[in-house]
Amino acid sequence: MRRLRIGVIGAGTIAQSAHLPAIRRLADELELVAIADVRAEVAADAARRFGAEAWYVDYRELIARPDIDLVDICTPEFLHCEQAVAAAEAGKHVLCEKPMASTLQEADAMIAAARRNGVKLMIGHSRRFTRRYQEVARLIREGAVGAVRLVRENERRPRAMYGGLELQVSHWAPEGGRPWLASAAYSQGAALTNAVHETDLARWFTGSEALSIYAAARVTEPGGEVPDFLTYVVTFASGAIAAAEIVNQLPAGYPYYHMLEVVGTDGMIRATDPPMSPMEIWRADGMAYPLNFSHLLHVDDAYLQEIAAFARCVREDSEPPLDPWDARQALALSIAAVRSSQLGQPVTLAAVEAEGKGLQGA
Amino acid sequence: MRELTVGLIGRGDALDSLAHAARYRPGIRLAGRVDPGAPLPDADRLICAGSSSSERAAVVALALAAGRRIAMPPLLALDDEARRALASGSIVQVSPLVGYAPLREVAQRVRRGEIGRPYGLFALHHLPRDAAADLDARLADLLHYVLEVLESPVVRVYARRSALFGEQDDTWHAILHLADETLVTLEVAACLPAGWPEPERLLVEVTGSDAVLRAEPTRQAVHATKRDGSTRAVPWWPDPSAGYLEAALARLEQTDPPSELRYLEVLSALLSAATEQQAVRLADTGA
Ligand SMILES: NC(=O)c1ccc[n+]([C@@H]2O[C@H](COP(=O)([O-])OP(=O)(O)OC[C@H]3O[C@@H](n4cnc5c(N)ncnc54)[C@H](O)[C@@H]3O)[C@@H](O)[C@H]2O)c1
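These protein sequence lines are chains D and U, in that order.
Count the first sequence with the numbering used here and you get residues 61 to 422, in order.
Count the second sequence with the numbering used here and you get residues 619 to 905, in order.
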């Protein structure tokens, strides 16, 4: 079997904590050829540690290489469209991190570019490749709980989320300012940063399209610019409801935590970190969760499965397991959450689509 | 010193539990227990168990007519009678949820400022499907408890009341915006399917800059897996009636009980938000 040749664009936190280690483990199938990152030292260091033969500061040099079959885009979402479209135009298959893009127009442009150039496009909604959620989806598919009527998924993160991991890279801070994730110029906050997982799971589990959402968001960090707290209720065409509460800036020591409950007409599934963490230590100064970071869903095999699945569909010329349309619809719901939280009223998905077409907004 | 006499109003299991708690509470004597429609017992203190919506409605009229003060779970009616009963102090409200020690503890610690700046309060009460008839009563209990935990005025609410599992409404979702930016998320659902091992699930989590408090009083259960593979959780959590009784007695002692109009304003806003399917801004009433 010829190994597929892969280039990684963006060698920051998610690339170094999940994608590059997974690619290394998939060495039988994939050959890491090059890494591109605007931070030269990050690109060079990652190339050295993960064994890429070349590194670039300009991603266009990477995609110009004729010997690369597919690219894996791990940059901030406002760059996804430009980079994915350029890669598709260069004939590369594209695996791209979530959220798919910053706007629906960008998402549509990515889908169109992939179609036009006959390349595969898959958005890395890693939870679709996480055992916990795959098991839940399987049970639903098998009819174990009847029709899904209520999905509740809460997500909680300690302030120093990557605290337990010896990462050799920090988030990109454009122009030496605050990290892009914390900057209103680059990020729309929790609705896209993590809630796009929840909006995707809700669509996946209900098997239905969202009609409307009410969301409330706030900035909890003093001096913060982007919402780091989000709570919402979504109504689906099937009549089902999905709700989530996402809190990203909890005191250190609080475990990375997910609580999922799916209630159907005939049964109920709970998939929650039980009760909080796989290990707890009590000391004079209180309780600690030493394996806190192990709860990060991406340190299990999710990214290996994700990248392997994409490589397989490139090799076999089959459809990616996750249609980019699903990622686009999850993004639409997350954007609707942003709009609703700004307006203080429920927002329909139809209004968000109309806004994208330049018609009157919500 | 003469023992304080206590009269109880209510029906069914809730009344039985409350009577049991009263019987073994030193310093008080149970003077009688009556159905919500019946004449009030002659007692120093009157407490209503009122777990169902209909019992609560009946007791308001009783209190006003008799000119007596009654401690009872939060009201569901928003009519003039309810307002008068609360404004005059004829009714003092006590959420049955304060009967749970972990929830009292959360309330005290939050009020002492232990969580730092509050971020949010998430509360979930999942009940068996046949509990849908008293869905509003469960929401009222939770709402009243939450408003005791967080003192900041409520400025906007969103709510949905839906029938997800049958013909009857069985689920409440509510989001409350407080003036200090705290976001409250409530989910009350008669959703537990037949055969689900737990009899109910109650979870309250308050997040803040310095600490997170999490209480799950209904986790105290014996889990037994039977020969047929089915699992049951048999509760051994302390009966909350004793805590409810204590709180009711304390509330009845207060000469100047806190205004309950805030609760009524918020409940009223939740009901209209659910009807209109819009977020509702609260008038600047200090609610
Ligand atoms: N699937 C998941 O669960 C998950 C988890 C974390 C992050 N993500 C997603 O991954 C993406 C990256 O997030 P992150 O946390 O790794 O951010 P990061 O800041 O840690 O990494 C982004 C990297 O992109 C580089 N970069 C910036 N502009 C570039 C350009 N024009 N060309 C090439 N490189 C450029 C930066 O230097 C940085 O190294 C985001 O879209 C994020 O939402 C997904």
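Heads up, the beta-carbon is just placed ideally off N, CA and C, and yes, glycines get one too.
These figures come from a predicted structure and were not determined experimentally.
Taking the beta carbon of residue i as the centre, do at least 16 other beta carbons fall within 10 Å, making it buried, or is it exposed?
i	result
residue 67/D	buried
residue 159/D	buried
residue 61/D	exposed
residue 389/D	buried
residue 739/U	buried
residue 685/U	exposed
residue 227/D	exposed
residue 341/D	exposed
residue 417/D	exposed
residue 852/U	exposed
residue 346/D	exposed
residue 420/D	Its pLDDT being 37, under 50, residue 420/D is placed unreliably in this model, and the value from its coordinates should be taken loosely. Residue 420/D is exposed by the Cβ-count criterion.
residue 402/D	exposed
residue 698/U	exposed
residue 644/U	exposed
residue 893/U	exposed
residue 240/D	buried
residue 247/D	buried
residue 657/U	exposed
residue 795/U	buried
Which two residues bound the contiguous beta strand (DSSP E) that contains residue i?
i	result
residue 218/D	208–218
residue 322/D	317–324
residue 627/U	622–627
residue 314/D	Careful: residue 314/D lies outside any beta strand (DSSP E) and carries neither H nor E.
residue 205/D	It is not in any beta strand (DSSP E) - residue 205/D carries neither H nor E in the DSSP assignment.
Over what stretch of residues does the alpha helix (DSSP H) that includes residue i continue unbroken?
i	result
residue 385/D	384–403
residue 638/U	630–641
residue 368/D	362–376
Would the C-beta of residue i count as close to ligand 1, meaning under 7 angstroms from any of its heavy atoms?
i	result
residue 258/D	no
residue 849/U	no
residue 134/D	yes
residue 186/D	yes
residue 231/D	yes
residue 397/D	no
residue 766/U	no
residue 697/U	no
residue 317/D	no
residue 325/D	no
residue 72/D	yes
residue 121/D	no
residue 98/D	yes
residue 139/D	yes
residue 385/D	no
residue 240/D	yes
residue 154/D	no
residue 69/D	yes
residue 51/D	The requested residue 51/D is not part of the displayed model; chain D covers only 61 to 422.
residue 190/D	no
residue 799/U	no
residue 163/D	no
Would you check if the distance between the CB atom of residue i and the CB atom of residue j is smaller than 8 angstroms?
i	j	result
residue 210/D	residue 306/D	no
residue 393/D	residue 270/D	yes
residue 651/U	residue 633/U	yes
residue 760/U	residue 804/U	yes
residue 737/U	residue 668/U	no
residue 272/D	residue 73/D	no
residue 191/D	residue 314/D	no
residue 850/U	residue 808/U	no
residue 207/D	residue 295/D	no
residue 818/U	residue 745/U	yes
residue 700/U	residue 677/U	no
residue 213/D	residue 261/D	yes
residue 790/U	residue 775/U	no
Query raised in the report: At what residue ranges does the region 232–306 of chain D contain a whole run of the beta strand (DSSP E), taking only runs of 3 or more?
Result: For the region 232–306 of chain D, the full-length beta strand (DSSP E) segments reaching 3 residues or more read 270–278 and 289–296 along the chain.
**Report entry** In chain order, each alpha helix (DSSP H) run of at least 4 residues that lies wholly inside the region 802–874 of chain U
**Finding:** 859–871
**Report entry** Ranges of the beta strand (DSSP E) found wholly within the region 112–195 of chain D, counting only runs of at least 3
**Finding:** Within the region 112–195 of chain D, the complete beta strand (DSSP E) segments at least 3 residues long are 114–116, 130–133, 153–157 and 181–184, listed from N- to C-terminus.
Report task. Could I get the ranges of all uninterrupted alpha helix (DSSP H) runs contained in the region 677–758 of chain U, with 4 residues as the minimum, in chain order? Result -> 698–705 and 719–729
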